[in-house]
Amino acid sequence: MVDARPVGVFDSGVGGLTVLHECLVTMPHEDFVYLGDHARLPYGPRPLDEIRRFAREIGAFLESEDVKLILVACNAATSAALPQLQGELTVPVVGVLTPEAHSAVQATRNRRVGLLATQATVDAGRYRDLVLALDAGVSFRAVACPRLVPLIESDDPYGEETERAVRGYAAPLKEAGVDTVILGCTHYPLIRPIFQRVFGRGVTLVFSAEETAREVAETLVRKGIENDREREGRYRFLTTGDPAAFREMGRRFLQLPIGAVEPVTPARLEEAVA
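Residues in the sequence shown are numbered from 1006 upward in steps of one, following our numbering.
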C-alpha cells in the first residue's frame, strides 16, 4: 500500500526543524508540511491550558490539510497536549518526549537523570512521569531555562552570555550528580557543544530527534500509510509569523534549503476547531 499524503509537523517556531531534519534524512521518500506558530511564540512561559489550546488548533488545521500523521515537534506542546491530540484527531500523533525519556533511562549508569527545558515543559511533569514509569528508582531533577531560547535565536548564539546561562542552569544538575541530561527543548541541539563543554564527557546528553524520526517511520509502516520508497519527498513550510524571518532563522535550524514559506493566520487555526 502507498499513501502519498504528507506528514504534518508543528512547533511554536523553528526549533522543531531540528527534528524535521532527522525525519527528512530517515524518510527521504516522504512528503512533509511544517507549521511554525511564530505569531504566538514562545510557548514555554505560557500556561499549559493555553499551549493545549494552540496545539489543538494546529492539530485540527493540519488534519484539514489532509496529512496522514502529525508529529508534535515541540516539547512544551507535547507535554501539554499529546493525550488530547491523540484522542481528538483521526490520524496518528507522535510526540518528542517518550523517545527521550527512554533513551535517558537506558543511558544512565548511576540512575540520576536531569532535565533542562522550558518552564511549561518542566511544569507539566511529563518527563518525570515517563522516566519513573520506566525506572521508579531513578532520581530525577528538572531545571527550567527561560533565557536559552532567546539566546539561541539571537545573532550570537555561541557567545559568552549563552555559556554563562548554560553554566547557571547546569549547576544544580551537577550538584545532584546526574550522569545523564535530557535536552528537553528542540532549540538546544544547536548549542550542544556548549552543553558538552559545561557538563564534560562524563555526562550523556540526550536529544532523541533520530529516535523520534524512527518512531514516525515505524508508525507509518505499521499503519500501512508509508509512501513509495523509490520517490524523492518534498517539504513545505507555513508560519503564523513573518515568512522572511522564518526562512532566515529556519536555515540555521534545518541545515537544508528553505524555499517559499506560506503565511497562515492564527485566526485560520482557531477556525479549525470552531
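All residues carry an ideal CB built from backbone N, CA and C; glycine is no exception.
These figures come from a predicted structure and were not determined experimentally.
Per-residue DSSP class, three states only, for residue i
| i | result |
| --- | --- |
| Phe1212 | coil |
| Pro1198 | helix |
| Ser1108 | helix |
| Val1226 | helix |
| Ala1149 | strand |
| Leu1261 | coil |
| Thr1245 | coil |
| Arg1117 | strand |
| Asp1128 | helix |
| Thr1185 | strand |
| Ala1009 | coil |
| Gly1020 | coil |
| Val1014 | strand |
| Val1038 | strand |
Cβ distance (whole Å) where residue i is taken to contact residue j below 8 Å
| i | j | result |
| --- | --- | --- |
| Arg1010 | Asp1071 | 6 Å |
| Tyr1193 | Phe1204 | Actually they are not in contact, since the Cβ atoms of Tyr1193 and Phe1204 sit about 12 Å apart, beyond 8 Å. |
| Glu1062 | Glu1267 | Wrong, their Cβ atoms sit about 17 Å apart, outside the cutoff. |
| Val1136 | Ala1112 | Val1136 to Ala1112, Cβ: 11 Å. No contact. |
| Gly1182 | Asn1115 | 7 Å |
| Glu1237 | Pro1033 | 7 Å |
| Ala1085 | Ala1125 | 6 Å |
Euclidean distance between Cα positions of residue i and residue j
| i | j | result |
| --- | --- | --- |
| Glu1027 | Leu1188 | 16 Å |
| Phe1059 | Val1148 | 24 Å |
| Val1007 | Glu1035 | 11 Å |
| Ala1170 | Arg1057 | 28 Å |
| Val1099 | Lys1228 | 13 Å |
| Pro1097 | Glu1165 | 42 Å |
| Ala1272 | Glu1231 | 32 Å |
| Glu1168 | Asp1160 | 14 Å |
| Phe1251 | Glu1158 | 11 Å |
| Arg1172 | Asp1184 | 16 Å |
| Tyr1240 | His1107 | 29 Å |
| Leu1225 | Ala1214 | 17 Å |
| Thr1244 | Glu1253 | 13 Å |
| Pro1262 | Phe1242 | 11 Å |
| Val1143 | Ala1129 | 18 Å |
| Glu1235 | Val1030 | 14 Å |
beta-carbon residue i near the ligand MG non-hydrogen atom, thresh 7 Å
| i | result |
| --- | --- |
| Cys1028 | Because no ligand of any kind appears in the structure shown, any question about the ligand MG cannot be addressed here. |
When the Cβ atoms of the stretch 1246-1258 are set against those of the stretch 1012-1029, are three or more pairs found closer than 8 Å? yes
Inside the stretch 1058-1103 only - alpha helix (DSSP H) runs reaching at least 4 residues: Counting only runs of 4 or more, we get 1080-1093.
Does the contact criterion of 3 or more C-beta pairs under 8 Å hold for the stretch 1061-1070 versus the stretch 1035-1044? When Cβ pairs closer than 8 Å are counted between the two stretches, the stretch 1061-1070 is seen to touch the stretch 1035-1044, the count reaching three or more.
The stretch 1164-1178 / the stretch 1116-1131 touching (three or more Cβ pairs under 8 Å): yes
Flag this pair as touching only if the stretch 1101-1108 and the stretch 1077-1093 have three or more C-beta atom pairs under 8 Å; answer yes or no. yes
Check whether the stretch 1150-1162 and the stretch 1046-1053 are in contact - that is, three or more C-beta pairs closer than 8 Å. With a cut-off of 8 Å, the stretch 1046-1053 and the stretch 1150-1162 count as touching, because enough Cβ pairs lie within range.
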